[in-house]
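Engineer:
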Amino acid sequence: MGKPHIVIMMDSQPQREVVKKILVPVNADFLELSDRKNCAAALGSYRPDLIIAKITAASPDKNNWCELIKPDSPLENLPVILMGHGEEAEDIARKTARGGVVYIDTGKAKDKLIQVVRDILEEPAPPKTGSLILVVDDSSSIRMLLKDELSGAGYRVLLAENGRQAIDILRNTQPDIILSDVYMPEMNGIELCRTLHGDPRYTGIPFVVMSTENDAENMKQMMQFGAAAFIIKPFNLEQLMMTLNKICSYEFLLLIKENERLEGEQKLLLAGITSLVRALEARDQYTRGHSERVSDILVKLVRHMGGSRFDVERARIAGQLHDIGKIGIRDDVLLKPGSLDKEEFNHIKQHPLIGSEIIQTIPSIADILPVVMFHHERVDGKGYPEGRSGSDIPVWARLTAVADTYDALTSDRPYRKGMAHEKAVDIIKEITGTQLCPESVDMFLEVAVKPDVATQGK
Ligand SMILES: [Fe+2]
6 MGKPHIVIMM
16 DSQPQREVVK
26 KILVPVNADF
36 LELSDRKNCA
46 AALGSYRPDL
56 IIAKITAASP
66 DKNNWCELIK
76 PDSPLENLPV
86 ILMGHGEEAE
96 DIARKTARGG
106 VVYIDTGKAK
116 DKLIQVVRDI
126 LEEPAPPKTG
136 SLILVVDDSS
146 SIRMLLKDEL
156 SGAGYRVLLA
166 ENGRQAIDIL
176 RNTQPDIILS
186 DVYMPEMNGI
196 ELCRTLHGDP
206 RYTGIPFVVM
216 STENDAENMK
226 QMMQFGAAAF
236 IIKPFNLEQL
246 MMTLNKICSY
256 EFLLLIKENE
266 RLEGEQKLLL
276 AGITSLVRAL
286 EARDQYTRGH
296 SERVSDILVK
306 LVRHMGGSRF
316 DVERARIAGQ
326 LHDIGKIGIR
336 DDVLLKPGSL
346 DKEEFNHIKQ
356 HPLIGSEIIQ
366 TIPSIADILP
376 VVMFHHERVD
386 GKGYPEGRSG
396 SDIPVWARLT
406 AVADTYDALT
416 SDRPYRKGMA
426 HEKAVDIIKE
436 ITGTQLCPES
446 VDMFLEVAVK
456 PDVATQGK
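According to my numbering, the stretch in the sequence shown is residues 6 to 463, in order.
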């Protein structure tokens, strides 16, 4: 959907220009009508959102725009602003009055028109006749109830019993809204939402979830997958209609388009940053592949903790980007073969802060910030950058610290060969409780150390 469509019905071209000039900030598309000839044909294909008409003293040989908007005309349900001046005009406006008609004195147009137009365009529009809703629910009684109610309210309705059926329908049909249950056999609402979110053909269709109050985790995931709104069960039909009407409104669709654009930009940004990590690791042959390996271990740990599919994906990104801040570290420090002096060590200690600043520029991955910021904290409080201790260090950062340490020990360094798995585990055990978190180490020893992990980095 594009700009709002506004029809200006005025005989005088200069007056139409004045109106358009006042409404420049609304960024609308205008159809100008200077007389009533061919009006109906022009309006039919234009699908206006609002009409602005000049009141002309009724006389058979003059344009009487009010005739076009009176009850029973095809434009009856559209919002209308009537503009005129003087008692006669006000009188005509009063006679034309019906719901959705606003009268503005032309003398006050400069001050009032823009606000009135904004108010009208921002109001949730009634459902556009024929808006198509795809209802996805495994309960036949809910499907039937919604079909009856939505049809009664002027919507067209398609029904699917689960995500799989919905996808079959979407192959040939483009609905205006998808209204979906969460728990369904074959393909549930979360999977459906995720699948559609990844397909540019469907990202512009608002996805409304019918959920229950204690479904916060699913809701969070579905929001990440682009769900437009949630209706909490048991809902009343009035609430449902209000939500759907709001979603049908121009502003809402515009918002979805804007979100889509932003998300696309963020994906590009993320891809750019990931390439930067590759570039960073290419500077130093000894850390090549380090972020990828830390990421693999962190994924295993988060999965073991019962993390959702969404959490696991975030863990993957968090691991890959945990050292992104090293981009800001000088070569002579980052690539130094021997041990670092005090100044050099202070410089390298900046990388969690630098990384956090980079991550902050991408709101969609703001949740991985604790890993980037705190993966060098120690449970005894002697780490950096803040010297946090124990449970003040975010859980994923503690897990990352273990993965990071293991990979550093088992990878070759300019001044030593990578250690064998057993040796690395011995060292990890030694520093558990001072540097590393005991629970995180236990979990690491339980699940993350598999032959494929243990032999990497050699
Ligand atoms: Fe680091």
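Glycine residues also receive a C-beta, built at the ideal position from the N, C-alpha and C atoms.
1) I want to check one thing, is the minimum distance from the CB of His-327 to the heavy atoms of ligand 1 below 7 angstroms?
2) Given a threshold of 16 other Cβ atoms within 10 Å of its Cβ, counted over all protein chains shown, does Phe-449 qualify as buried or as exposed?
3) Do three or more CB pairs link the region 185-192 to the region 207-223 at distances below 8 angstroms?
4) According to DSSP, is Ala-158 part of a helix, a strand, or is it coil?
5) CA-CA distance, Asp-124 and Lys-117?
6) Using 8 angstroms for Cβ pairs, my map puts Thr-415 next to Ala-429. What's the rounded Cβ distance?
7) Given Asp-447, which residues of its chain have a CB within under 7 angstroms of its CB, disregarding the five upstream and five downstream residues?
8) Is His-2 a contact residue of ligand 1, with contact defined as CB to any heavy atom under 7 angstroms?
9) Short check: CB of Ile-322 to CB of Val-377, under 8 angstroms?
10) Which one of Leu-340, Leu-374, Leu-201 and Asn-250 has the shortest CA to CA distance from Gln-229?
11) To the nearest angstrom, how far is it from the Cα of Ser-394 to the Cα of Gly-386?
12) So, with DSSP's three-state summary, where would you put Tyr-411?
13) If you reduce the DSSP assignment to three classes, tell me which class Leu-197 lands in.
14) What does the Cβ neighbour count give for Glu-382, buried or exposed, with the cut at 16 atoms within 10 Å?
15) Looking at Val-29: is its Cβ nearer than 8 angstroms to the Cβ of Ala-58?
16) Given 8 angstroms as the limit, is there contact between the region 436-447 and the region 417-424, that is, 3 or more CB pairs closer than that?
17) What's the gap between the Cα of Met-88 and the Cα of Gly-231?
18) With DSSP as the reference, label Ile-364 as helix, strand or coil.
19) Are the region 31-41 and the region 6-15 touching by the rule of at least three beta carbon pairs closer than 8 angstroms?
20) So the candidates are Glu-222, Ala-408 and Ala-284; which of them puts its Cα closest to the Cα of Val-304?
21) Is the CB-CB distance between Ala-171 and Leu-137 below 8 angstroms?
22) Along the chain, where does the alpha helix (DSSP H) that runs through Lys-471 open and close?
23) Which class does Ser-146 belong to by DSSP, given the choice of helix, strand or coil?
24) Using 7 angstroms as the cut-off, classify the Cβ of Pro-356 as near or not near the heavy atoms of ligand 1, replying yes or no.
25) Identify whether Pro-19 lies in helix, strand or coil by the three-state DSSP scheme.
26) Are there any heavy atoms of ligand 1 lying less than 7 angstroms away from the beta-carbon of Asp-289, as far as the coordinates show?
27) For Ser-445, which residues in the same chain have their Cβ closer than 6 angstroms to its Cβ, ignoring the five residues on either side in sequence?
28) How about His-309 and Val-452: do their beta carbons lie closer than 8 angstroms?
29) Is it buried or exposed, Gly-203, if we count other Cβ atoms within 10 angstroms and call 16 or more buried?
30) Go ahead and label Thr-366 buried or exposed: buried means 16 or more other beta carbons lie within 10 angstroms of its beta carbon, across all protein chains shown.
31) Since Ala-165 sits in a beta bridge, which residues does DSSP pair it with?
32) Pick helix, strand or coil for His-473, following the three-state DSSP scheme.
33) Beta-carbon within less than 6 angstroms of Met-14's beta-carbon, same chain only, minus the 5 sequence neighbours each way: which residues are those?
34) Tell me which residue opens and which closes the alpha helix (DSSP H) that Thr-439 is part of.
35) Please determine whether the Cβ atom of Asp-409 lies at a distance below 7 angstroms from any heavy atom of ligand 1.
Structural biologist: If we stick to the structure as given:
1) yes
2) buried
3) yes
4) coil
5) 11 angstroms
6) In this structure Thr-415 touches Ala-429 by the C-beta definition: roughly 5 angstroms separates them, less than 8 angstroms.
7) none
8) With the chain represented from 6 up to 463, any question about residue 2 goes unanswered, as that position is not in the structure.
9) No.
10) Leu-201
11) 4 angstroms
12) helix
13) Secondary structure at Leu-197: helix, using DSSP grouped into helix, strand and coil.
14) buried
15) At the C-beta level, Val-29 and Ala-58 stay beyond 8 angstroms of one another.
16) no
17) 42 angstroms
18) helix
19) yes
20) Ala-408 is the residue among Glu-222, Ala-408 and Ala-284 whose C-alpha sits nearest the C-alpha of Val-304.
21) no
22) Since the first and last residues shown for the chain are 6 and 463, residue 471 lies out of range.
23) helix
24) The sequence given here places His at residue 356; Pro does not occur at that position. Yes, since a heavy atom of ligand 1 falls inside the 7 angstroms radius drawn around the Cβ of His-356.
25) If DSSP states are grouped into helix, strand and coil, Pro-19 belongs with the helices.
26) No, ligand 1 has no heavy atom inside 7 angstroms of this Cβ.
27) Arg-403, Leu-404 and Val-407
28) In this structure, Val-452 lies closer than 8 angstroms to His-309 by Cβ.
29) Exposed, because fewer than 16 other Cβ atoms sit within 10 Å of the Cβ of Gly-203.
30) exposed
31) Val-141
32) The displayed coordinates of the chain run from 6 to 463. Any statement about residue 473 would go beyond what the structure contains.
33) Leu-38, Ala-58 and Trp-70
34) No alpha helix (DSSP H) holds Thr-439; DSSP gives it neither H nor E.
35) yes
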